[in-house]
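Engineer: Protein sequence lines correspond, in order, to chains A and B. The first sequence begins at 56 in the working numbering and counts up one residue at a time. The second sequence begins at 56 in the working numbering and counts up one residue at a time. No residue lacks a Cβ here, since even glycine has one placed at the ideal position from N, Cα and C. These numbers come from a predicted model, not from an experiment. My structure is below; once you've seen it, I'll send some questions.
There are 2 protein chains.
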Amino acid sequence: MRRDTFQAIADPTRREILSMLAFKPLNVNTVSENFDVSRAAVYKHIKILTECGLVVIKQQGRERFCEAKLEKLNEVSSWVEQYKKFWEAKLDSLEDYLQKIQSKNKIQTKGKKHGRKK
Amino acid sequence: MRRDTFQAIADPTRREILSMLAFKPLNVNTVSENFDVSRAAVYKHIKILTECGLVVIKQQGRERFCEAKLEKLNEVSSWVEQYKKFWEAKLDSLEDYLQKIQSKNKIQTKGKKHGRKK
DNA sequence: ATATTATGAAACCTTATGGTTGCAAATATA
DNA sequence: TATATTTGCAACCATAAGGTTTCATAATAT
Numbered sequence: 056m057r058r059d060t061f062q063a064i065a066d067p068t069r070r071e072i073l074s075m076l077a078f079k080p081l082n083v084n085t086v087s088e089n090f091d092v093s094r095a096a097v098y099k100h101i102k103i104l105t106e107c108g109l110v111v112i113k114q115q116g117r118e119r120f121c122e123a124k125l126e127k128l129n130e131v132s133s134w135v136e137q138y139k140k141f142w143e144a145k146l147d148s149l150e151d152y153l154q155k156i157q158s159k160n161k162i163q164t165k166g167k168k169h170g171r172k173k
Numbered sequence: 056m057r058r059d060t061f062q063a064i065a066d067p068t069r070r071e072i073l074s075m076l077a078f079k080p081l082n083v084n085t086v087s088e089n090f091d092v093s094r095a096a097v098y099k100h101i102k103i104l105t106e107c108g109l110v111v112i113k114q115q116g117r118e119r120f121c122e123a124k125l126e127k128l129n130e131v132s133s134w135v136e137q138y139k140k141f142w143e144a145k146l147d148s149l150e151d152y153l154q155k156i157q158s159k160n161k162i163q164t165k166g167k168k169h170g171r172k173k
């Protein structure tokens with residue numbers, strides 16, 4: 056199954072888990088106590104978070120402490136950042152930008168099914 | 056069903072659609088021609104994107120042009136930004152930050168199932 | 001030694017997701 | 001007018017996702 060940062064943070068429960076762990080590492084039970092769903096459900100979320108590197112688990116006796124690796128969010132951050140100019144720039148300068156960028160636009164605009172020339 | 060920006064960008068095809076539309080509005084067929092899946096599948100993705108405001112559709116004759124509303128990504132941006140200090144700050148200043156933040160930490164740490172006092 | 005706690009994982013269920021094909025309607029073109 | 005194109009949507013399908021209960025195991029506490 057697909058398992059990447061974007062998908063991991065798509066679930067609101069997982070985002071909450073991350074925000075909880077941002078403050079300090081917590082063991083699995085403590086995390087689950089802060090949610091209405093079962094421990095098993097929370098455990099599954101934590102597992103997904105570990106599978107894509109957003110959480111690392113460290114055993115300590117019978118407990119396992121979950122630690123957030125928020126630097127993994129960098130992937131999301133840089134993806135979003137590239138579009139920030141589209142909503143932060145003034146409209147006129149944005150238009151300039153768009154005109155420049157369109158000259159190197161590589162998107163195929165016609166022809167997949169009917170091979171028509173534009 | 057849940058329909059929010061985080062979920063919308065969780066799918067790689069939808070992220071590609073957005074990056075395509077960032078350059079200029081395209082009609083539904085043109086977008087779908089750039090993917091291997093069927094037009095109907097791409098249409099569904101576009102529909103999801105419109106449902107959460109990341110894309111707006113403007114009719115023009117029989118064609119419908121899809122326009123990216125990238126400012127909607129602001130929601131994702133600000134969520135990620137709040138954690139940026141965790142991977143950008145130097146470690147020692149981060150520790151200072153963590154100590155400050157822990158004093159106002161409201162996370163319940165015990166007691167959901169057994170009501171034990173810490 | 002026995003009971004309790006913390007955890008991982010299996011089995012199962014329901015719904016969401018992402019895909020397909022096919023058809024109908026509206027617009028554009030020969 | 002007859003044909004092409006562009007689109008939306010329905011019906012259907014397989015699998016993923018998110019949840020549950022239950023059980024086994026290892027570590028700790030009594």
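#1: Count the other C-beta atoms from every protein chain shown that fall within 10 angstroms of the C-beta of B:Pro-57, then say buried if there are 16 or more, exposed otherwise.
#2: Can you list, in chain order, the residues of the stretch 111-131 of chain B whose Cβ is nearer than 7 angstroms to any Cβ on chain A?
#3: To test your reading of the DSSP string, which unbroken beta strand (DSSP E) runs of 3 or more residues are found completely within the stretch 102-126 of chain A?
#4: Taking DSSP as the reference, what is the three-state secondary structure of A:Asn-84?
#5: Checking contacts by CB at 8 angstroms: is B:Tyr-138 closer than that to chain A?
#6: Tell me, please, whether the CB atom of B:Val-97 is closer than 8 angstroms to any CB atom in chain A?
#7: Please report the distance separating the alpha-carbon of B:Lys-127 from that of A:Ile-101.
#8: Out of A:Thr-85, A:Ile-112 and A:Lys-124, which one is the CA nearest neighbour of B:Trp-142?
#9: Taking A:Ser-93 as part of the alpha helix (DSSP H), name the residues at either end of that continuous run.
#10: What would DSSP say about B:Met-75, mapped onto helix, strand or coil?
#11: Give me the Cβ distance between A:Gln-104 and A:Val-110, rounded to the nearest whole Å; I'm assuming they're in contact under 8 angstroms.
#12: What does a CB cutoff of less than 6 angstroms around A:Arg-94 pick up in its chain, not counting 5 residues either side in sequence?
#13: Should B:Ala-77 and A:Phe-61 be called a contact, given that it needs their Cβ atoms to be closer than 8 angstroms?
#14: So, using beta-carbon positions, are A:Ala-63 and A:Cys-107 closer together than 8 angstroms?
#15: For B:Glu-118 versus B:Asn-82, is the C-beta spacing smaller than 8 angstroms?
#16: Residues of chain A with CB closer than 7 angstroms to the CB of B:Val-135, please, in chain order.
#17: Would you mind telling me which residues of chain B sit closer than 7 angstroms to A:Ile-64, beta carbon to beta carbon, in chain order?
#18: Just to confirm, are B:Lys-139 and A:Ser-132 a CB contact at a threshold of 8 angstroms?
#19: By the DSSP assignment, the alpha helix (DSSP H) with A:Ala-65 in it spans what residues?
Structural biologist: Quick look at the numbers:
#1: According to the sequence provided, residue 57 of chain B is Arg. The question's Pro does not apply to it. Exposed: under 16 other Cβ atoms inside 10 Å.
#2: Leu-125, Glu-126, Leu-128, Asn-129 and Val-131
#3: 110-115 and 118-123
#4: helix
#5: yes
#6: no
#7: 28 angstroms
#8: A:Lys-124
#9: A:Ser-93 -> no alpha helix (DSSP H), and no H or E assigned at all.
#10: helix
#11: For the record, residue 104 of chain A in the displayed sequence is Leu; it is not Gln. Indeed they touch by this definition, with Cβ atoms about 4 angstroms apart.
#12: Ser-87
#13: no
#14: yes
#15: yes
#16: Leu-128, Val-131, Ser-132 and Val-135
#17: Phe-61
#18: yes
#19: Run containing A:Ala-65: none; DSSP gives neither H nor E here.
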